[in-house]
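Before any comments, here is the structure.
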Amino acid sequence: MKTANKVYTWLVFIFLYMPIAVLIFYSFNASNSTSAFSGFSLYWYKELFSDSATLTALKNTLILAILSSVIATVIGTLAAAGIYKMKNKYVKSGIMAVTNIPMMNPEIVTGISMMLLFVFVGGLVHSSSTLGFGTLLIAHITFNLPYVILSVLPKFKQMDKHLPEAALDLGCTPAQSFLKVELPNVMSGIVSGFIMAFTLSLDDFVISYFTIGSGFETLPIRIYSMTKKRVTPDMYALSALIFVTILILLILSNMTSDKERTRMSQKAKKRAKIAVSSVFGVIGVVTLIVLIASSGTKTLTLNVYNWGEYISDGSDDSLDVNAAFEEYYAQKYYEETGERVKVRVNYTTYASNEDLYAKLKSGANSYDVIVPSDYMIERFIKEGLIQPINLENVPNYQYIKDDFKHPFYDTGADGNTYSVMYTYGIVGIIYNTEKVDEEDIGGWDLLWNEKYKGQILQFNNPRDAFGTAMYSLGIDVNNATEEEWRMALDELRKQKPIVQSYVMDEVYNKMESGEAWIAAYYAGDCLSMIENNEALDFYYPQDEEGNYITNIFADAMCIPTSCANKELAEEYINFMLSEEPAIANAEYIYYASPNTLVTENAEYQDYLEDDYDVIYGTIPEEDLPELFDKYAFRNLPQDKLELENRLWEELKVDASSFDPSVYIVCAVMVAAVVGFGIFKYVQKRKRRKLYWNNNAKSPATA
Amino acid sequence: MHRLAAAPHIVWSVLFIIAPLMFVIYYTFTDANGKFTFSNIASLAQASYFEIFMRSICFALIATAVCLVIAYPIAYFISKAKPKTQKILMMLVMLPMWTNFLIRTYSWMALLEDTGIINTFLGKIGLGPIHMINTAGAVILGMVYNYLPYMILPIYSVMSKIDVKLIEAAYDLGSNPFQVLTGVIFPLSLSGVISGVTMVFVPSISTFYISQKLGGGNFDLIGDTIERQFQTAYNYNLGAAISFVLMILIMISMGIMNKYSDGETEVVV
Numbered sequence: 001m002k003t004a005n006k007v008y009t010w011l012v013f014i015f016l017y018m019p020i021a022v023l024i025f026y027s028f029n030a031s032n033s034t035s036a037f038s039g040f041s042l043y044w045y046k047e048l049f050s051d052s053a054t055l056t057a058l059k060n061t062l063i064l065a066i067l068s069s070v071i072a073t074v075i076g077t078l079a080a081a082g083i084y085k086m087k088n089k090y091v092k093s094g095i096m097a098v099t100n101i102p103m104m105n106p107e108i109v110t111g112i113s114m115m116l117l118f119v120f121v122g123g124l125v126h127s128s129s130t131l132g133f134g135t136l137l138i139a140h141i142t143f144n145l146p147y148v149i150l151s152v153l154p155k156f157k158q159m160d161k162h163l164p165e166a167a168l169d170l171g172c173t174p175a176q177s178f179l180k181v182e183l184p185n186v187m188s189g190i191v192s193g194f195i196m197a198f199t200l201s202l203d204d205f206v207i208s209y210f211t212i213g214s215g216f217e218t219l220p221i222r223i224y225s226m227t228k229k230r231v232t233p234d235m236y237a238l239s240a241l242i243f244v245t246i247l248i249l250l251i252l253s254n255m256t257s258d259k260e261r262t263r264m265s266q267k268a269k270k271r272a273k274i275a276v277s278s279v280f281g282v283i284g285v286v287t288l289i290v291l292i293a294s295s296g297t298k299t300l301t302l303n304v305y306n307w308g309e310y311i312s313d314g315s316d317d318s319l320d321v322n323a324a325f326e327e328y329y330a331q332k333y334y335e336e337t338g339e340r341v342k343v344r345v346n347y348t349t350y351a352s353n354e355d356l357y358a359k360l361k362s363g364a365n366s367y368d369v370i371v372p373s374d375y376m377i378e379r380f381i382k383e384g385l386i387q388p389i390n391l392e393n394v395p396n397y398q399y400i401k402d403d404f405k406h407p408f409y410d411t412g413a414d415g416n417t418y419s420v421m422y423t424y425g426i427v428g429i430i431y432n433t434e435k436v437d438e439e440d441i442g443g444w445d446l447l448w449n450e451k452y453k454g455q456i457l458q459f460n461n462p463r464d465a466f467g468t469a470m471y472s473l474g475i476d477v478n479n480a481t482e483e484e485w486r487m488a489l490d491e492l493r494k495q496k497p498i499v500q501s502y503v504m505d506e507v508y509n510k511m512e513s514g515e516a517w518i519a520a521y522y523a524g525d526c527l528s529m530i531e532n533n534e535a536l537d538f539y540y541p542q543d544e545e546g547n548y549i550t551n552i553f554a555d556a557m558c559i560p561t562s563c564a565n566k567e568l569a570e571e572y573i574n575f576m577l578s579e580e581p582a583i584a585n586a587e588y589i590y591y592a593s594p595n596t597l598v599t600e601n602a603e604y605q606d607y608l609e610d611d612y613d614v615i616y617g618t619i620p621e622e623d624l625p626e627l628f629d630k631y632a633f634r635n636l637p638q639d640k641l642e643l644e645n646r647l648w649e650e651l652k653v654d655a656s657s658f659d660p661s662v663y664i665v666c667a668v669m670v671a672a673v674v675g676f677g678i679f680k681y682v683q684k685r686k687r688r689k690l691y692w693n694n695n696a697k698s699p700a701t702a
Numbered sequence: 001m002h003r004l005a006a007a008p009h010i011v012w013s014v015l016f017i018i019a020p021l022m023f024v025i026y027y028t029f030t031d032a033n034g035k036f037t038f039s040n041i042a043s044l045a046q047a048s049y050f051e052i053f054m055r056s057i058c059f060a061l062i063a064t065a066v067c068l069v070i071a072y073p074i075a076y077f078i079s080k081a082k083p084k085t086q087k088i089l090m091m092l093v094m095l096p097m098w099t100n101f102l103i104r105t106y107s108w109m110a111l112l113e114d115t116g117i118i119n120t121f122l123g124k125i126g127l128g129p130i131h132m133i134n135t136a137g138a139v140i141l142g143m144v145y146n147y148l149p150y151m152i153l154p155i156y157s158v159m160s161k162i163d164v165k166l167i168e169a170a171y172d173l174g175s176n177p178f179q180v181l182t183g184v185i186f187p188l189s190l191s192g193v194i195s196g197v198t199m200v201f202v203p204s205i206s207t208f209y210i211s212q213k214l215g216g217g218n219f220d221l222i223g224d225t226i227e228r229q230f231q232t233a234y235n236y237n238l239g240a241a242i243s244f245v246l247m248i249l250i251m252i253s254m255g256i257m258n259k260y261s262d263g264e265t266e267v268v269v
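Top to bottom, those sequences are chains A and B. Going by the numbering used here, the first sequence opens with residue 1, and the numbers climb by one from there. Going by the numbering used here, the second sequence opens with residue 1, and the numbers climb by one from there.
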């Protein structure tokens, strides 16, 4: 029995620590794979300390956790004191009920309820950047408060009621009695409440996810956006470091408290506790001061919101374009004004045009530069969400090829230019040559091929996903009738049982590791994946006559109406078009560039080798305008947009591939619990009967 | 002076707890133009949404049950260990929670994939690959993994306070170990079980990250549906309506649970 217990305990702990062991193990991996270990290396630890975005996120998380837990501790302790003193039972329980709400409610409900409040209030005062550090701080304080109150209140109840009375009798003022008598008595509760609040705030993802704005990123949010594509092992390294730090801290605190207990008297222990908590407080304040002081110089901030994996970011010895811009503009600003400034590019990413739309339309997020696709740009212009760009501030615009200067989505009809093209490309199908037979490729039907059940990835956004179905059915993607939309939905429904999952940038990891075999995705990303896994190949779907029948798209840089610093945004766009960054981007992301500085650069052509033909040669340049006309997505009329959303929702909630055994297990379980309840109830009644019978009998026998 | 100390908290609660919930109700019963409507709630009556609710409840119930089955013995063993060992073991139970849950779940992906760590290992010892990721089981495993400490903690803290004399008395009165467990220890630890069940059930039923990563987006849960309305579909009204129903659902189940636990303590007395 004893050994069985031990084995069981061990098994549970192995279960708890397995994923952590995995991430610590792979943080020492020489390559960035999470399935193949290619040798021990400290590379990712070194990389971590040069990853400024992650370090900034770490700093932000700490600032937020300290501020919110300190404020929550102050408000919460006062509240506990007040609630303790309340006489009216109903008021008291009413307040406690409200206090408990954030603890009882699912986090997602707390998150969206606060988001709705902030968005609504932001709409009332016409603020375009409601969401940000402030809202995040409010949200964190709100969910921290109940934990502080619930750990302090019991300490007040445990305290001897006569102590404060005695203090008052001995001539203390109420304030003195509170500070000198009550506070030390409840200090342990305050400390544990503070630590709990700090921990919760440090790790919170769900509530932050809904209340965070554009200019601020915490560590959990950064990890989230990373897990959408691939987590670089430097994040593993950071997690490993945090894990080891906490482990050491816990061991230390465990050791000291054991020694203390044996040596110290009650009073000394209390004093030690106060000392510990004041040390905590001092550390917190000092960190804050340092952090605030370090951000003392004037900072120009630019919020850039772009697709994932869509910029040269400094990995693999590429140019870190955002850092280069920061440096370039700080220098330029100094030369022009004689003033030193810090330039900071807040670079965050989205996974689809629809995500971008939801963020921008809410009116609570302020971005300075965004990179939507063609059809979305059309919609943004129509709804007044982006503003004309002053081309005088973007002299490099001259290098954009003439064909791309006024594309169909931004014709310049009103004399304005709303967008500057970043890249263009074609949707292709990427597949694993080791798994997929050569005879099956060529058309869209590969995505519906039953032979590859469970190995197919589909787009996780409505426009592209419905696009694949419509192209394969030969429906006009821009003028489909309601009936045709439904046909496309049926086609996707038919596909759902053989689809492994609906993905956006997760496609990288899944295709490169061989986890999935077939996916439709954007050409540039396909080439990037092939770069990392030789077994992959891709093609543009064709119809029987050999004509390409697929989506061709353009992504362009735009400035939202809510932009806070338009000149800086234009400066950034101009910088992105200049030779060095433009080439770095084009080489990194493998998309076709509309920029002549790039396409005519011999070094760039050499770098791409055969890929140059794949990117630019497949479709002759003179055919492009015609193809754009034929195959690009256009903004849909309002009724079709609503239809599209509705049908997408229908597809997503549909669970054709769902295994009913879960329901059966669940039903059996519920039946067992109910049965147990009835059994207990019957037992109880029997016992009561027995009790009454005995009691009724006993006087008689006596 | 003292009673007023609660004032900042009361003001805060009204502004940031009650007001936001009012907005959830407001958005639930209005359309995109702010006009009063029942259509958001009505649209949830569709079979597919009903299925999402059923599926989420089922997943959460199973995850809770599995957590309970794993956690109960472990909590019992820990409470029986030496005080110092108890402290260390509880520390070890809590420690994983200091690593961000997103990254731990992501790490599970690497373990469970068809080409992942477990299957590579199985392949090496000659066992065929087992398909684990993107199944209902993987989603439930993710829930169990993430919320298991929430079940162990309250059960342990109640168990460690059980008076040993009661157990000894039961043995003295002729109970066998099984009777002691069901007749003495279990009823006394029930308050811990109840709070553990709530602490696992509520986050399980509303999760959206675990199902997306470990279920491949094939099992839409309530949380996924809410998240999509806010972050992608831009349909705040429908999102609020789903949240509203979820909130009511949880209130009802908590009510049932409290009632059930009251009944049980009566049995004990």
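Here a beta-carbon is modelled for each residue, glycine too, at the ideal position from N, C-alpha and C.
Selection from the options that minimises the alpha carbon distance to residue i
| i | options | result |
| --- | --- | --- |
| A47(B) | G675(A), E649(A) and N693(A) | E649(A) |
| F210(A) | I66(A), A564(A), M115(A) and V98(A) | M115(A) |
| L608(A) | E570(A), I530(A), V682(A) and S562(A) | I530(A) |
| G514(A) | Y522(A), Q500(A), A523(A) and M86(A) | Q500(A) |
| V665(A) | F50(B), V66(B), A45(B) and L44(B) | V66(B) |
| K161(A) | L447(A), A358(A), Y540(A) and Y84(A) | Y84(A) |
| I441(A) | D414(A), I518(A) and Y424(A) | I518(A) |
| K259(B) | L190(B), T232(B), S204(B) and L246(B) | L190(B) |
| A516(A) | M96(A), T433(A), D610(A) and P154(A) | T433(A) |
| S214(A) | G132(A), V206(A) and K361(A) | G132(A) |
One or two residues paired with residue i in a DSSP bridge
| i | result |
| --- | --- |
| W307(A) | Y350(A) |
| N595(A) | I400(A) |
| M421(A) | A556(A) |
| T115(B) | Bridge partners of T115(B): none, in fact. |
| V369(A) | V304(A) |
| F776(A) | Nothing about residue 776(A) can be read from this structure; chain A reaches only from 1 to 702. |
Under 7 Å between C-beta atoms of residue i and residue j
| i | j | result |
| --- | --- | --- |
| L319(A) | A53(A) | no |
| V674(A) | C58(B) | no |
| P102(A) | P146(A) | yes |
| V200(B) | T64(B) | yes |
| N40(B) | A170(B) | no |
| K228(A) | D505(A) | yes |
| Y502(A) | N460(A) | yes |
| T73(A) | V186(A) | no |
| I185(B) | A75(B) | no |
| R634(A) | Y424(A) | no |
ask   = According to a CB-to-CB cut-off of less than 7 Å, which residues of the stretch 492 to 526 of chain A neighbour chain B?
value = Cβ contacts with chain B come from Q500, S501, Y502, S513, G514 and E515.
message = What are the residues in the stretch 231 to 244 of chain B lying within 9 Å of chain A by C-beta distance?
response = Correct list: Q231, T232, A233, Y234, N235, Y236, L238, G239, A240, S243 and F244.
query = For the stretch 1 to 17 of chain B, which residues have a CB atom closer than 9 Å to at least one CB atom of chain A, in sequence order?
reply = If the cut-off is 9 Å between Cβ atoms, the stretch 1 to 17 of chain B has M1, H2, R3, L4, A5, A6, A7, P8, H9, I10, W12, S13, V14, L15, F16 and I17 near chain A.
message = Beta carbons nearer than 8 Å to chain B: which residues of the stretch 338 to 370 of chain A have them?
response = Residues passing the 8 Å Cβ filter: S352, E354, D355, Y357, A358, K359, K361 and S362.
query = So, do the stretch 130 to 150 of chain B and the stretch 211 to 219 of chain B have three or more beta carbon pairs nearer to each other than 8 Å?
reply = In this structure the stretch 130 to 150 of chain B lies against the stretch 211 to 219 of chain B, because at least three pairs of beta carbons, one per stretch, are closer than 8 Å.
inquiry  = Check whether the stretch 28 to 40 of chain A and the stretch 109 to 122 of chain B are in contact - that is, three or more C-beta pairs closer than 8 Å.
reply    = The answer is yes - the stretch 109 to 122 of chain B touches the stretch 28 to 40 of chain A, with three or more Cβ pairs under 8 Å.
query = Below 8 Å, can you find three or more Cβ-Cβ pairs linking the stretch 98 to 114 of chain B to the stretch 7 to 24 of chain A?
reply = Contact between the stretch 98 to 114 of chain B and the stretch 7 to 24 of chain A is established, with three or more Cβ pairs separated by less than 8 Å.
query = Do the stretch 591 to 607 of chain A and the stretch 329 to 349 of chain A meet, that is, are 3 or more Cβ pairs less than 8 Å apart?
reply = Here the stretch 591 to 607 of chain A does not lie against the stretch 329 to 349 of chain A, with fewer than 3 beta-carbon pairs under 8 Å apart.
ask   = Are the stretch 232 to 241 of chain B and the stretch 23 to 41 of chain B touching, with three or more C-beta to C-beta distances below 8 Å?
value = Counting Cβ pairs under 8 Å, three or more are found: they touch.
query = Any residues in the stretch 81 to 96 of chain B with a beta carbon nearer than 8 Å to a beta carbon of chain A? Which ones, in chain order?
reply = From the stretch 81 to 96 of chain B, only K84, K87, I88, L89, M91, L92, V93, L95 and P96 have a Cβ closer than 8 Å to chain A.
query = Taking a cut of 9 Å between CB atoms, which residues from the stretch 109 to 124 of chain B lie near chain A?
reply = Contact residues of the stretch 109 to 124 of chain B toward chain A are M109, A110, L111, E113, D114, T115, G116, I117 and T120 (C-beta to C-beta distance below 9 Å).
request  = For the stretch 126 to 149 of chain A, enumerate the residues whose C-beta is nearer than 7 Å to any C-beta of chain B, in chain order.
outcome  = The stretch 126 to 149 of chain A vs chain B, Cβ under 7 Å: I138, T142 and L145.
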